[in-house]
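Notes follow the structure.
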Amino acid sequence: MKLEAAELRRLSLPLVAPFRTSFGTQTVRDVLLVRVTTADGAEGWGECVAMSEPTYSSEYVDGAHHVVREHLLPRLFDAPALTAVGVASALAAVKGHRMAKAAVEMAVLDAELRAKGVSLASHLGAVRGAVDAGVSVGIASSINELLDVVARHLDEGYRRVKLKIEPGWDVEPVRAVRERFGDDLLLQVDANTAYKLGDAPHLAQLDPFGLLLIEQPLPEHDLRGHAELAKRIRTPVCLDESIESAADAAVAIAMGACAIVNVKAGRVGGYLEARRVHDVCVANDVPVWCGGMLETGLGRAANVALAALPGFTLPGDTSASARYFARDLTEPFVLDDGRLRVPTGPGLGVVPLDDVLAGATISVETVRR
Ligand code: NPG
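Heads up, the sequence shown is in our numbering, so the first residue is 4 and it goes up one at a time.
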């Protein structure tokens with residue numbers, strides 16, 4: 004393929020409810036979309052998962068927009084015979100910026116697969132037609148409010164609940180949810196780096212609640228700390244922010260820093276590297292699950308395809324469109340007995356709805372070869 008042009012579009016999509024984590028509260032999704040067109044008329048969509056502020060990781064959407072325009076696209080325009088597999092090597096000279104790279108690779112991959120008539124799911128090696136849906140529940144202002152939100156999601160059919168935790172909001176909310184909804188509920192927690200190794204005795208108080216996992220308790224670069232913590236608590240340790248590549252996953256597993264891995268394509272530089280993370284974990288008997296970054300239906304379609312790979316044995320943060328947006332950018336993903344169907348059409352298998360796209364657009368810019 005020869006890339007002809009890329010459209011960089013910024014959207015603002017209000018969330019149906021504020022989402023509070025240990026690093027901040029999101030009320031609106033500020034999305035960067037990348038639409039590429041090739042010389043032979045193929046088209047593909049990519050979604051950048053970077054948030055407005057660099058508080059989950061160092062990336063943020065204005066920065067990603069700049070990097071895509073100034074540093075990534077020029078390198079792809081220069082590539083004589085571009086393939087999706089070749090995107091990572093064409094961009095290798097640019098350090099970091101994985102979320103920006105992932106968005107661009109996603110668009111090229113979508114264009115390539117659409118042209119071939121192959122779905123992303125089958126290209127990645129999916130083995131399921133539908134995936135179990137979990138839901139991530141933000142920090143609430145009271146235990147009663149939390150219990151109401153969890154009850155509503157369980158009524159909707161979600162198969163697993165993840166509670167966001169931080170110091171001061173951990174043992175008691177977990178206890179309350181366990182007591183109210185029983186031992187059969189698949190329950191896990193996510194700290195987004197909010198604790199220190201010295202908190203191990205406190206985190207060990209979560210042990211009796213039979214959690215599936217505790218996600219990213221310590222800062223992202225502290226693999227040794229996670230390995231030590233894993234010896235001091237019974238809840239399995241899962242890493243998210245720490246894992247930026249398949250190589251990182253291999254090291255973390257070898258060190259005993261995690262027993263489970265959250266796979267997010269944006270965090271690791273794209274869906275192709277995400278599949279490699281999956282492969283490393285499968286080779287080490289480490290279960291994986293698909294994380295979420297409040298994606299629109301475009302990113303969700305790709306996440307659901309990824310989550311259909313064989314090593315994704317735990318339900319992901321792949322929730323229905325209604326969990327996020329009053330109207331999703333694409334045809335909505337809906338729960339069907341607690342599962343989301345994996346798109347089967349070529350490429351992502353979904354496209355933006357014209358009216359939602361137009362209504363949410365804040366700016367559009369076209370970059371040409
Ligand atoms: O359902 O998409 C979703 C959200 C899942 O909790 C979720 N994501 O730390 O994994 C996370 C968290 C997140 C949200 C991270 C927004 C970054 C931004």
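Heads up, the beta-carbon is just placed ideally off N, CA and C, and yes, glycines get one too. In this text, all values refer to a predicted model and were calculated from it rather than measured experimentally.
Could you tell me how far apart the beta carbons of Ser248 and Val285 are, in whole angstroms, since I believe they sit closer than 8 Å? Not a contact, Cβ separation roughly 16 Å.
Using only the heavy atoms of ligand 1, determine whether one of them is closer than 7 Å to the beta carbon of Leu216. For Leu216, the distance from the CB to the nearest heavy atom of ligand 1 is not below 7 Å.
Going by DSSP, what residue range makes up the alpha helix (DSSP H) through Glu159? Taken as a continuous stretch (DSSP letters only), the alpha helix (DSSP H) holding Glu159 covers Ile146 to Glu159.
Since Gly295 and Asn306 should fall inside the 8 Å C-beta cutoff, what is the C-beta to C-beta distance between them, to a whole number of angstroms? With 8 Å as the limit, Gly295 and Asn306 qualify as a contact, their Cβ atoms being about 7 Å apart.
Are Ala9 and Val370 touching if we call contact CB-CB under 8 Å? Note that the C-beta distance between Ala9 and Val370 is below 8 Å.
Could you check whether the Cβ of Tyr274 sits closer than 7 Å to any heavy atom belonging to ligand 2? Ligands present in the displayed structure are limited to ligand 1, and ligand 2 is not among them.
Between Ser125 and ligand 1, is the CB less than 7 Å from at least one heavy atom? Closer than 7 Å to some heavy atom of ligand 1: that does not describe the Cβ of Ser125.
Leaving out five residues on either side along the sequence, give the residues of the same chain with a beta carbon under 8 Å from the beta carbon of Arg78. Within the same chain, and ignoring the five residues on either side of Arg78 in sequence, the residues whose Cβ sits closer than 8 Å to its Cβ are Ala93, Leu94, Ala96 and Val97.
Return the residue from the list Phe315, Arg235 and Gly185 that minimises the CA-CA distance to Leu150. It is Gly185 whose Cα lies nearest to the Cα of Leu150.
Using a Cβ-based criterion (distance less than 7 Å to any ligand heavy atom), does Leu297 qualify as near ligand 1? Yes, Cβ of Leu297 sits closer than 7 Å to a heavy atom of ligand 1.
Own chain partners of Lys379 with C-beta closer than 6 Å, once the 5 adjacent residues on each side are dropped: Because the chain here runs from 4 to 372, residue 379 falls outside it and cannot be looked at.
Any heavy atom of ligand 1 closer than 7 Å to the Cβ of Gln29? Gln29 has its CB nearer than 7 Å to a heavy atom of ligand 1.
Cα separation between Ala323 and Val107? Distance between the alpha carbons of Ala323 and Val107 is about 25 Å.
Is it the case that the region 214-222 contacts the region 234-241, given that we only count it when at least three CB pairs across the two stretches are under 8 Å? Taking 8 Å as the limit for Cβ pairs, the verdict is that the region 214-222 does touch the region 234-241.
Verify whether the separation of the beta carbon atoms of Val70 and Ala103 is less than 8 Å. Yes; because the gap between Cβ atoms is below 8 Å, this pair is in contact.
Measure the alpha-carbon distance for Thr86 versus Leu11 and round it to whole angstroms. Their backbone Cα atoms lie some 20 Å apart in a straight line.
Candidates Met258, Tyr327, Asp358 and Ala133: which alpha carbon is nearest Arg344's? Shortest Cα-Cα distance from Arg344 to any of Met258, Tyr327, Asp358 and Ala133 involves Ala133.
Taking only the alpha-carbon atoms, compute the straight-line gap between Thr196 and Ala260 and give it to the nearest angstrom. So the two alpha carbons sit approximately 14 Å from each other.
Does ligand 1 have a heavy atom nearer than 7 Å to the CB of Ser248? Ser248: no, Cβ never under 7 Å from ligand 1.
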